[in-house]
């Protein structure tokens, strides 16, 4: 399932939670792990001065500096590197999202693992208080062929592999790919799959009547059955739930209740401008205490058999 | 020491030589070797006798040292009217001296010439516009750069840059495979939003062949797909060549005329191979000058023109807007005050001053001219290679002051900069002086405001 994992890291504490999951996954699923860091932005044309992405300082780029950054990464992930994962560490120059996508394409990775944001969270390893995801994550999630696994909260861990997967259903086309990824993952790992939809009662003008809420919940159940459950073709560990409320809150609550260790959602590139994530996905990945996978494309999801 | 390991009179010809230069942190060894480099006076004088034509001889001779060129030079103004920044002084004390001494000059003198040629002149050619005799120091400094290059006195980054052109026919180490793959990759990324989008490679007899700056392929390939989207919306029959797609010339900044010729011949043979009706050049000033204005002479083309008609991106956009190939949604026009940076290389040196005004008329509600503007506009502060040379960073940052004052005077919050060097310089200007502005190429702005015909929209 995960033969090649790309862990894109800024090397800052914001990526520590993602590092734990990435290394754990590599060991557990015997995958090849690429620890990948974009060290600077070549903002001076053809010159050899780059802007260090962590410090924002201008540095002279040479082989010594790159080797030093790689050593720093080795020190940062010293404990994880002793876990036995098959791992390579690489530091390159470029625009971060573009180089991450380039590497993912070159290696044809199965999944990209990232933290939610780095800017401004030095000393606070959690993007949660900022209520927004980093621009690099947003751009990677928008364009990546491979699913993007975001690990934001320090509480996130990966002790026993993925055993409880929540799929946040929204009935869009991208959501179909997300479901196929969730189902495929559940099947291969023998995990429970919880298909969940939250009827949005917030976006309506004025109060919704209870009858209307009930009707929409019934309709959602029916759509889940037709759109997703039938595809599962008798997979025994699947169930569906529909709640009402503010979708991102309900998904996070539901995942907590089900003790989910993975949430899978679609990312709708077309609905958003400037590569920002859809509001619900962005809020879920910032708030959830487990890793969240953003799926946007069919390439790594749909079987070609 | 006659020749250093890194700093010498030989241009880069192998990957090993290039890697050795790249491994030299900030050119420390390179510049240390330069202090010991011998000047081959006989070769220098022989080159001058062979290559210095009557125009330059006359210019050197008739310059009356009147100093009327002083105020035309932005470097003179931003350096507190330092007399050593007067254009006529700068060229007379360097090229003039070399000629007067028949090439018998010292290593120290050559290093002074290098510092002058690359940190006191951006070859913007503004002085030529104001000299009563039409003497153009920019042209003379380009010539001086060639002499200095032939003797090995060239900034480290530019030795690397022209070496890249020699090895890869691009200022970056982008191979044919990398380039073609990048185009394919960009199409795949965009196809969901733009069904049927293509970047046709090596298509023969297309209406347009589109050529770019290697930095687009290397660092921000979104620029390539943005061009593809706009050609797609405009319904153009276009292509890009797999070989000969890069039209910049750091070799021109370096004064490496042999590499200039190699680079431009690669481009021209792509044109001859694909036979497009015309070439559209990306949003880059020096690339346009190198390929369209200077290139034909490097390549020895008898008519002084490239093999096919060549237009700059601003010309294509202006034409597409005027003919209705691209239509702007009036509600999406730029509302905030906006100004435009006139690139010296395609405005003063190629006459394309009206195109950007036509474009601004279509896309901006509050367009404000800089003063002065058009062919009288000042260099962004980073032209002629100035942006990229670490040794002259301090001088470059001072040079940005003129553009800072011009932009502040307009009150604009956005600067449209359809040129890579200008875009870089204005970005650096904001970083250095923080005057609260944004900057943009044309393509991303256009994509946000152009009307998409219904048949090109993605299925719901």
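Protein chains in written order, with this note's numbering: chain G, 8 to 312; chain V, 38 to 497. Think of the CB as a built atom: it goes at the ideal place given N, C-alpha and C, for glycine as much as any other residue.
Item: Reduced DSSP secondary structure (H/G/I, E/B, other) of residue 129(G); Value: Because the pLDDT of residue 129(G) is 46, which lies under 50, any placement of that residue in the model is unreliable, and the question is left without a value.
Item: For residue 349(V) and residue 458(V), believed in contact at Cβ under 8 Å, the rounded distance; Value: That pair is no contact at about 14 Å.
Item: Segment contact flag, the region 410-418 of chain V with the region 483-492 of chain V, C-beta cutoff 8 Å, min 3 pairs; Value: no
Item: Residues in the region 53-79 of chain G having any Cβ partner in chain V nearer than 7 Å; Value: 53, 54, 55, 56, 67, 69, 70 and 71
Item: Buried/exposed call for residue 47(V), threshold 16 Cβ in 10 Å; Value: exposed
Item: Nearest-angstrom Cβ-Cβ length linking residue 104(V) and residue 70(V), presumed shorter than 8 Å; Value: Wrong, their Cβ atoms sit about 38 Å apart, outside the cutoff.
Item: Per DSSP, the bridge partner or partners of residue 223(V); Value: According to DSSP, which records beta bridges pairwise, residue 223(V) is partnered with nothing at all.
Item: Cβ-based neighbour list, residue 220(V), same chain, cut-off 7 Å, excluding 5 preceding and 5 following; Value: 236, 238, 261 and 277
Item: Proximal residues, the region 17-49 of chain G versus chain V, C-beta separation under 9 Å; Value: 48 and 49
Item: Contacts around residue 475(V), its chain only, beta-carbon distance under 7 Å, and the 5 residues preceding and following it disregarded; Value: 450 and 451
Item: Buried/exposed call for residue 112(V), threshold 16 Cβ in 10 Å; Value: buried
Item: Identity of the residues DSSP links to residue 59(G) by a beta bridge; Value: 47(G)
Item: Stretch pair the region 221-232 of chain G + the region 184-197 of chain G: three plus CB contacts closer than 8 Å; Value: no
Item: The region 96-110 of chain G: positions lying closer than 7 Å to chain V by Cβ; Value: 101, 102 and 105
Item: is_contact[residue 269(V), chain G] using C-beta, thresh 8 Å; Value: no
Item: 4-residue-minimum alpha helix (DSSP H) runs that sit fully inside the region 226-269 of chain V, ordered along the chain; Value: 251-255
Item: Test: residue 150(G) CB closer than 8 Å to a CB of chain V; Value: yes
Item: Listed by chain order, chain G residues near residue 334(V) by CB distance under 7 Å; Value: Ordered by position in chain G, no residue passes the 7 Å Cβ test against residue 334(V), which lies about 24 Å from the chain.
Item: Min CB distance residue 232(G) to chain V below 8 Å; Value: no
Item: Selection from 99(G), 31(G), 145(G) and 305(G) that minimises the alpha carbon distance to residue 91(G); Value: 31(G)
Item: Whole-angstrom distance between residue 60(G) and residue 17(G), CA atom to CA atom; Value: 8 Å
Item: Nearest-angstrom Cα separation, counted from residue 407(V) out to residue 446(V); Value: 8 Å
Item: Positions along the region 46-72 of chain V whose CB lies within less than 7 Å of some CB in chain G; Value: 60, 62 and 63
Item: Whole-angstrom distance between residue 197(G) and residue 68(G), CA atom to CA atom; Value: 47 Å
Item: For residue 205(G) and residue 249(G), the rounded distance between their alpha carbons; Value: 6 Å
Item: C-beta neighbour in chain G for residue 287(V), strict 8 Å; Value: yes
Item: Within 8 Å, strictly: CB atoms of residue 271(G) and residue 174(G); Value: yes
Item: Cβ neighbour criterion (16 or more within 10 Å) applied to residue 472(V); Value: exposed
Item: For residue 160(V) and residue 176(V), the rounded distance between their alpha carbons; Value: 7 Å
Item: Environment of residue 301(G) [buried if 16+ CB atoms lie within 10 Å]; Value: buried
Item: Nearest to residue 245(V) (by Cα), restricted to the options 267(V), 224(V) and 233(V); Value: 267(V)
Item: Rounded C-alpha distance that separates residue 84(V) from residue 292(V); Value: 14 Å
Item: Backbone secondary structure at residue 15(G) - three-state DSSP; Value: strand
Item: C-alpha distance - residue 167(V) paired with residue 14(G), whole-angstrom precision; Value: 58 Å
Item: Segments of 4+ residues assigned as alpha helix (DSSP H) that fall wholly inside the region 150-209 of chain V; Value: 163-167, 174-187 and 193-205
Item: Top-ranked residue by Cα proximity to residue 178(V), from 157(V), 384(V) and 187(V); Value: 157(V)
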